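First up is the structure itself, then whatever we jot down about it.
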Amino acid sequence: MQTENRILDGMARLFTNAAGAAQAFKAEMESMMKARFERLISDLDFVPREEFDAVRAMAAKARFDNDRLALRLTELETILGVTPPKTAGARARKPQPKGRGKRNKGKL
């Protein structure tokens, strides 16, 4: 047998409405936080991932082309019997570990 109780019906309606309001509040807070983070990131001038990947690919291709041309130049010099000129830029330099150059000294 089913009984009608106004107090229980009212409480059930109240809890249902409260749950809906809580979900709406959660969705509003998520969208507000997302907008704030997007604004923060755009203010910091971060590079989008797509642009970073494109420049990275260009740098890798340029490095590959540079190595290929250096090898070709060495082969041509060997064929012609020419020794490469000794200039200040052609001296063998000891490679420095990343982040330990003169410009970065004393900076963290």
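Going by the numbering used here, the sequence shown opens with residue 3, and the numbers climb by one from there. The C-beta atom is built at its ideal place from N, Cα and C for all residues, glycine as well. Every value quoted in this text rests on a predicted model; they were computed, and no experiment measured them.
query	result
C-alpha gap between Thr18 and Ala56, whole angstroms	51 Å
Cβ separation of Pro87 and Glu79, assumed to be a contact under 8 Å, to the nearest whole Å	Contact doesn't hold; Cβ gap of about 10 Å is too wide.
For Asp67, the three-state DSSP class (helix, strand or coil)	helix
Glu32, enclosing alpha helix (DSSP H) - first and last residue	8-45
Neighbourhood of Ala59 by C-beta distance below 7 Å, restricted to the same chain and skipping five residues each side	none
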